[in-house]
Amino acid sequence: MRGYLLRRLLQLPVVLLGISLVVFLVLALLPGDPALAILGPYATPESLAALRAELGVDQPLWRRFLLWLGRVLQGDLGRSVSLERPVADEIAERLGPSLLLAGTALALATVLGLAAGLAAAVRANRWPDRLLTLVMLLGISTPQFWLGLLLVLLFAVHLGWLPVSGMLPVYGAAGALEVARHLVLPAASLAVVVAGVLARLTRGALLEELSQDYVRMARARGLPERAVILRHALRNALPRLVPVIGLQTGFLLGGAVYIESVFQWPGLGRMLVDAILSRDLLLVQGGVLVMASAYVLVNLAADVAQHWLDPRIRMS
Amino acid sequence: MPTHPFPRPRLAGILLLVALCALTACAPPRDGRPDDVLVIALTAEPRSLDPHVATALNDFRILVNVYEGLVRFRDGTLEPEPALARSWSVSADGRRYTFRLREGVRFHDGTPFDAEAVRFNFERMLDADHPYHGTGPFPLAFFFAPVARVEVVDRRTVTLHLTEPFAPLLANLAYPTGLMVSPAAVRRHGAGYGRHPAGTGPFRFLRWDPRRRVVLERNPDYRGAPARPRVLVFRPLADPMTRVAELMAGGVDVVTELSPDNVALLRGDARFTVLEQGGPHLWFLILNTREGPLRDRRVRQAVNYAVDKRALVTQVLQDTALVAAGPVPRAFAWAYDDALQPYPFDPARARALLREAGVAPGTELRLLAPTAGSGMLAPLQMAAAIQGDLAAVGLAVRIETHEWNTFLARVNRGLAGQADMAEMAWMTNDPDTLPYLALRSSAVPAQGGFNAGYYANPRVDALIAQARAATDRDGRARLYRALQRVVHQDAPWLFVASWRQNAVTARAIEGLALQPSFFLLLHDVRKRAVGKAAP
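In the order they appear, the protein sequences are chains A and B.
Straight run, no breaks: the first sequence in my numbering ends on number 434.
Straight run, no breaks: the second sequence in my numbering ends on number 581.
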């Protein structure tokens, strides 16, 4: 187990290097001039040329990549040209809100997904199951940003219960309760698709377990149905669901790009969009690096959790 | 079948309700904001609150409330009037501008505003050896490029010595690039000055919480009448839908730059006030006068006749713009030629001109368009509508779209070898700016200008040069009117429209007037107390 963990952690730098290289190439292929993006349409050719030299974008591609890599290995993510501050500082400020949003959405999706899947499985092929299945399908098929806008219209504009956007009130006290109020709509919009996927899988996995001999045995022994489902069937279905939760974080991180835009959430997703639009290469690289690390680490954690839930699975 | 394993979760339901209640109904009402606190939606996170560094209208909306310049645009016009300078005089040769400064004005950091401060402001921007030149870059410093020397005559008098007569100087001084910053604050904060601004305006800077807000408070020591709002909060809301939703929910009091659809929607809603004001903006197509069918003036005129500008403005832009006749926007009332009529929509005339020029039906024209961009309104819908109109006279337009930065990079290197036409929009502060940068024959991209269609007419070059050197405004105005007629006739562009800036406020907001300059001046704005409205 320890050897496995170590090996997986050692793979992390290789994965990150690959991702960085791909992102670097894609950004280099993108047309557009970072110097022009910074100085604006009035810029003179001389000032553009000077800034290009300062940014190093007049250097050959491989050289820029190696320079960047060398600095990253020394722990320096570089300086954001559009924000005029170190990339690491910007990411540090954005990471908290991003983790809060993605974490809340993941927790919400897990609870909702498992609960709905469970409820559908125990009433399989009766109307509650059909209704839930329909809801799950709707959840999976709904574009997140559109759902986000609808939720805003209903709960913020018409009912006035929750704030429209942002993470903190714009005037007045800014406590934890305020953050929670601002978190409800974006987290819910982000959670719906993942919850739908999880619910479908939970239902399927549970139904499969419920048809197994050990379940019939448990019922024959006179165990209460609740214990049969929770302690036996769900316990056996869980190891199959955990890696899916890990994989869905990728979806959450991607979805956060839309949701953070719609809700003006000050996270990494919105930062990436702005960075790409302003051709802020170092900021894009830094942001992608952090998101990719998060994705790899969460999936590693999911693998470990799977092993812990089902010791029969060999980690090798 | 077994009995139901999960009884209705009553306790869980109650807990959930309590939690929801805590987060929603029981929370403080959103209208808890006092009436003298105004919240204004920005369209993006500000870049810098250093007026010499800033280039975006979004930043200007804050800056004009914090700072003042030597001169400013008179209310409702684009004509300079005194501000920090009490008066000014121009030498007969147009090369010396002498300003008499107001007494007793102090920057927000307590330091005095005087002739030395003025000198510091210009030298920081213009002199590469100035100790604080490194606090830039100053992308719009070219507005003052002819300023060779700033002479401090005495504490209250300062003279700008120019290398050549430069009539747009006063308008440029009224632009945010001419706002006066506190030299002491620049020395103190260095490159970080853009986050610690100090001016002399009716509001002073309080705090900037990145991605959340910029807060200004009333300047109690303002030289004029104190501002009505006690606090201004600027919120960056990049998504236009979010801006509308925040306005409807009462989260912000003033929003700007709404889409034509949203303006149309809110116009009919009694809870809001829609304000509109034409500005010094021009939306046009650059036509490639160097190669292809548009080399022929008759073809360029045909394009101008073939496109139904009125329909573009009323249908695509839903009346958020005005039809343009030539290269000078109507907002420059003093220099605008009222006699000049836009090219009428006349497809028959267009077809006749094309026949005369020997352009075969089905000739292809390539049009570059951005997907979105500063001042570009609805670039794709506009491109499609123009394509339709030109198809009707036998010109086949192929639209090529690019993301804004890519688009700018392509257009700014000139249309040769790339396209016959390109969409473009400019917002300027003087009738000189756009012709000088984009119509002069020596302003072609190879020489660092923005004349991407290679228009060249010696008469136009001469008019631009004469107008720059003219020292009396009426003489300048005559030259610009002549320029408009020549350019209109030559049709180096397809003249389309001038944008009308919009702002929408809650009905309770009073005293907001949009300026032709598009600056958002907020010192006179007040919010009627809710429920205490006059009968």
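Here a beta-carbon is modelled for each residue, glycine too, at the ideal position from N, C-alpha and C.
Check whether the Cβ atoms of residue i and residue j sit closer than 8 Å, and answer yes or no.
i, j, result
"A/Pro-131", "A/Leu-399", "no"
"B/Arg-202", "B/Glu-149", "yes"
"B/Leu-414", "B/Phe-453", "yes"
"B/Thr-101", "B/Leu-215", "no"
"A/Leu-173", "A/Leu-166", "no"
"B/Leu-304", "B/Asn-111", "no"
"B/Gly-607", "B/Pro-425", "No answer is possible for residue 607 of chain B: the residues shown for chain B start at 47 and end at 581."
"A/Leu-324", "A/Ala-234", "no"
"A/Ile-137", "A/Ala-410", "yes"
"B/Ala-442", "B/Gly-408", "yes"
"B/Leu-560", "B/Phe-280", "no"
"B/Ala-431", "B/Trp-545", "no"
"B/Ala-220", "B/Pro-126", "yes"
"B/Ser-487", "B/Asp-518", "no"
"B/Ile-86", "B/Leu-95", "no"
Label residue i either buried or exposed according to how many other C-beta atoms from any shown protein chain fall within 10 Å of its C-beta, with 16 as the threshold for buried.
i, result
"B/Asn-308", "buried"
"B/Ala-579", "Unreliable positioning characterises B/Ala-579 in this predicted model, as indicated by a pLDDT of 39, which lies under 50. A coordinate reading is not provided."
"B/Pro-74", "Bear in mind that a pLDDT of 42 at B/Pro-74, under 50, signals an unreliable position, so the number given afterwards is only what the model happens to contain. By the neighbour-count rule (16 or more Cβ atoms within 10 Å), B/Pro-74 is not buried but exposed."
"B/Val-117", "buried"
"A/His-350", "buried"
"A/His-276", "exposed"
"A/Gln-366", "buried"
"A/Pro-429", "exposed"
"A/Gln-403", "buried"
"A/Ser-329", "exposed"
"A/Ala-210", "exposed"
"B/Gly-325", "buried"
"B/Met-473", "buried"
"B/Pro-504", "exposed"
"B/Cys-72", "Note that B/Cys-72 has pLDDT 47, beneath the 50 cutoff, so the model's placement of it is unreliable and the number below is only indicative. B/Cys-72 should be labelled exposed."
"B/Thr-49", "Confidence at B/Thr-49 is low in this model, with a pLDDT of 49, below 50, so the placement of that residue should be treated as unreliable; the coordinate-derived value is given next. Classification of B/Thr-49: exposed, given that the 10 Å Cβ count is below 16."
"B/Thr-209", "exposed"
"B/Asn-218", "buried"
"B/Thr-417", "exposed"
"B/Arg-132", "exposed"
"A/Leu-301", "buried"
"A/Trp-264", "exposed"
"B/Leu-103", "buried"
Candidates the options: which alpha carbon is nearest residue i's?
i, options, result
"A/Thr-162", "B/Phe-184, B/Ala-131, B/Asp-139", "B/Phe-184"
"B/Arg-93", "B/Gly-182, B/Thr-302, B/Arg-401, B/Val-532", "B/Gly-182"
"B/Leu-436", "B/Tyr-351, B/Gln-464, B/Pro-306", "B/Tyr-351"
"B/Asp-139", "B/Leu-363, B/Leu-293, B/His-207, B/Ala-174", "B/His-207"
"A/Val-406", "A/Leu-123, A/Val-140, A/His-300, A/Trp-279", "A/Val-140"
"B/Thr-223", "B/Glu-114, B/Gly-270, B/Asp-267, B/Phe-159", "B/Glu-114"
"B/Glu-292", "A/Arg-241, A/Leu-427, A/Leu-271, A/Ser-216", "A/Leu-271"
"B/Arg-459", "B/Pro-481, B/Ala-385, B/Ala-492", "B/Ala-492"
"B/Arg-234", "B/Phe-189, B/Met-294, B/Asp-155", "B/Asp-155"
"A/Leu-427", "A/Leu-191, A/Arg-358, A/Arg-397", "A/Arg-358"
"B/Asp-160", "B/Gly-245, B/Gly-270, B/Met-294, B/Phe-565", "B/Gly-245"
"A/Val-333", "A/Arg-203, A/Leu-316, A/Arg-321, A/Leu-352", "A/Leu-352"
Original post:
Can you give, in chain order, each stretch of the beta strand (DSSP E) that sits fully within the region 377-452 of chain B and has at least 3 residues?
Top reply: 409-416, 441-448
**OP:** Report yes or no: do three or more beta-carbon pairs, one from the region 270-288 of chain B and one from the region 568-575 of chain B, lie closer than 8 Å?
**Re:** They touch, by the three-pair rule.
**OP:** Would you be able to state if there are at least three C-beta pairs under 8 Å between the region 300-312 of chain A and the region 225-232 of chain A?
**Re:** yes
Subject >> Completely contained alpha helix (DSSP H) runs for the region 439-514 of chain B, where each covers 4 or more residues >> reply: 450-458, 479-484
Original post:
How do the region 252-268 of chain B and the region 284-291 of chain A stand: do at least 3 beta-carbon pairs fall below 8 Å, yes or no?
Top reply: Touching, per the Cβ criterion.
Original post:
Given 8 Å as the limit, is there contact between the region 518-527 of chain B and the region 284-291 of chain B, that is, 3 or more CB pairs closer than that?
Top reply: no
Subject >> Start-end ranges of the alpha helix (DSSP H) lying completely within the region 320-389 of chain A, minimum 4 residues >> reply: List check, alpha helix (DSSP H) in window: 331-338, 353-380.
**OP:** Would you mind listing the alpha helix (DSSP H) stretches within the region 193-278 of chain A that are 4+ residues and don't spill past its ends, in chain order?
**Re:** If one requires a minimum length of 4 residues, the alpha helix (DSSP H) runs lying completely within the region 193-278 of chain A are 205-240, 245-259, 262-269, in chain order.
Original post:
Fully enclosed by the region 306-349 of chain B, which alpha helix (DSSP H) runs are 4 residues long or longer?
Top reply: Correct list: 306-313.
Original post:
Can you find at least 3 beta carbon pairs, one from the region 524-544 of chain B and one from the region 378-397 of chain B, that sit closer than 8 Å?
Top reply: Contact between the region 524-544 of chain B and the region 378-397 of chain B is present, because at least three Cβ pairs lie under 8 Å.
Original post:
Are the region 532-541 of chain B and the region 345-360 of chain B in contact at 8 Å, needing three or more beta carbon pairs?
Top reply: The region 532-541 of chain B vs the region 345-360 of chain B: in contact.
Subject >> Segment contact, 8 Å Cβ cut-off, at least three pairs: the region 291-306 of chain A with the region 242-260 of chain A >> reply: With the cut-off at 8 Å, the region 291-306 of chain A and the region 242-260 of chain A do not touch.
**OP:** Run through the region 95-153 of chain B for me and flag every whole alpha helix (DSSP H) of 4 or more residues, listed as ranges in chain order.
**Re:** 103-112
**OP:** State whether the region 465-481 of chain B contacts the region 328-335 of chain B, with contact taken as three or more CB pairs (one from each stretch) at a distance under 8 Å.
**Re:** yes
Subject >> Stretch-stretch touch, CB-based, cutoff 8 Å, three pairs: the region 220-239 of chain B with the region 482-491 of chain B >> reply: no
Original post:
For the region 387-394 of chain B against the region 358-376 of chain B, are there 3 or more C-beta pairs whose distance is under 8 Å?
Top reply: yes
Original post:
Can you list the alpha helix (DSSP H) stretches of 4 or more residues lying completely in the region 225-280 of chain B, in chain order?
Top reply: With a minimum length of 4 residues, the continuous alpha helix (DSSP H) runs that stay inside the region 225-280 of chain B are 229-235.
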